[in-house]
Amino acid sequence: DMSSTLNISAIGKVEFLGSFGEDTTAWPTSPLPEVAFLGRSNVGKSSMLNCLFGNNLARVSKTPGRTQLINMFAVKDKSGREMCRLVDLPGYGYAKIAKGDQKLIEGFLQKYIDQRKNLKLLILLVDSRRDPLEADMEILDYSFQNEVPFKVLVVATKVDKLSETQSDTNVDKIREHFELPDEFPLQFSAMTGRGKGEVMQYIKEACALKSKK
35 DMSSTLNISA IGKVEFLGSF GEDTTAWPTS PLPEVAFLGR SNVGKSSMLN
85 CLFGNNLARV SKTPGRTQLI NMFAVKDKSG REMCRLVDLP GYGYAKIAKG
135 DQKLIEGFLQ KYIDQRKNLK LLILLVDSRR DPLEADMEIL DYSFQNEVPF
185 KVLVVATKVD KLSETQSDTN VDKIREHFEL PDEFPLQFSA MTGRGKGEVM
235 QYIKEACALK SKK
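Here the sequence shown is numbered in the numbering used here, starting from 35 and rising by one per residue.
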């Protein structure tokens, strides 16, 4: 049984399933594994999705915080069979969002994390140039304290905007702040493709889409 490996060449297309608000009954369900992308507004989620999956699947928002809905995508192989789903979660922590909206967003992020049975991997994006946010910490704490059934991968984005020394220093700071193991956060750049292979590997393993010999 040669199951599809999740690599760029095996992906036929990534299909946009729609944008969904906080009515959880409207969220599409499927038995397929889900990989969710989460982080502050303007952290580079859309750029990461485009870098990993091409096809301009995540429309890059010019206004940070515009994507206050959950965007879902289906990853299909060449024969059109669905392999897994990608979930682009609303950005948080952007100053221009009214305080009330901020709580709303964080509330339904919580719902998503609590209720999605097939969530296998939560990719938490942190901006390598900025101090980590309280909200990032809360997501991590929540995940650790509640023995969630999914893995959390912390990725430091936009490392191309820093010198090698600066990005190493900042990544060390993020590691200490979040008390992460030595190999995290992964350093990522959508511009140069740095870290792309590693992130794909985590997605592949989380979705158990390894080739069976």
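For glycine and all other residues, C-beta sits at the position ideal for the given N, C-alpha and C.
Q: Mind checking who serine 53 pairs with in its DSSP beta bridge?
A: By one-based count along the sequence shown, residue 53 stands at place 19. Per the DSSP secondary-structure output, serine 53 pairs in a beta bridge with Asn105.
Q. My guess is that valine 121 and valine 160 are in contact by the Cβ rule of under 8 angstroms, so how many angstroms apart are they, rounded?
A. As a working mapping, residue 121 is identified with position 87 in the sequence shown. As a working mapping, residue 160 is identified with position 126 in the sequence shown. Valine 121 to valine 160, Cβ: 18 angstroms. No contact.
Q: Could you tell me if phenylalanine 178 is buried or exposed, where buried requires 16 or more neighbouring beta carbons within 10 angstroms of its beta carbon?
A: Within the sequence shown, residue 178 is the residue found at index 144, counting from 1. Exposed, by the Cβ-count rule.
Q. Which value, in whole angstroms, describes the spacing of the CA atoms of leucine 196 and threonine 59?
A. Counted from its first residue, the sequence shown places residue 196 at position 162. Counted from its first residue, the sequence shown places residue 59 at position 25. Taking the straight line from one Cα to the other gives about 43 angstroms.
Q. With DSSP run on the structure shown, which of helix, strand or coil describes glutamate 210?
A. By one-based count along the sequence shown, residue 210 stands at place 176. Three-state result, glutamate 210: helix.
(Q) For arginine 74 and lysine 112, I'd like the C-alpha separation in whole angstroms. (A) As a first step, residue 74 is located in the sequence shown; it is residue number 40 there, counting from the start. As a first step, residue 112 is located in the sequence shown; it is residue number 78 there, counting from the start. Each residue's alpha carbon lies about 33 angstroms from the other.
Q.
Could you check whether lysine 192 and arginine 163 sit closer than 8 angstroms to each other, using their CB atoms as the reference points?
A. Locating residue 163 in the sequence shown gives position 129, counting from the first residue. Locating residue 192 in the sequence shown gives position 158, counting from the first residue. For arginine 163 and lysine 192, yes; Cβs fall inside 8 angstroms.
Q: Specify, as a first and last residue, the run of the alpha helix (DSSP H) that phenylalanine 178 falls within.
A: Residue mapping note: residue 178 aligns to position 144 of the sequence shown, counting from 1. Unbroken alpha helix (DSSP H) run through phenylalanine 178: 168-179.
Q) Buried or exposed: where does serine 64 fall if 16 or more other Cβ atoms within 10 Å of its Cβ makes it buried? A) As a working note, residue 64 is residue 30 in the sequence shown. Exposed, since its Cβ has fewer than 16 Cβ neighbours within 10 Å.
Q: Mind reading off the beta-carbon distance from arginine 209 to phenylalanine 222? Whole number of angstroms is fine, and I expect it under 8 angstroms.
A: Taking the sequence shown and counting its residues from 1, one reaches residue 209 at position 175. Taking the sequence shown and counting its residues from 1, one reaches residue 222 at position 188. Contact between arginine 209 and phenylalanine 222 does not hold, since the beta-carbon distance rounds to 14 angstroms and is not under 8 angstroms.
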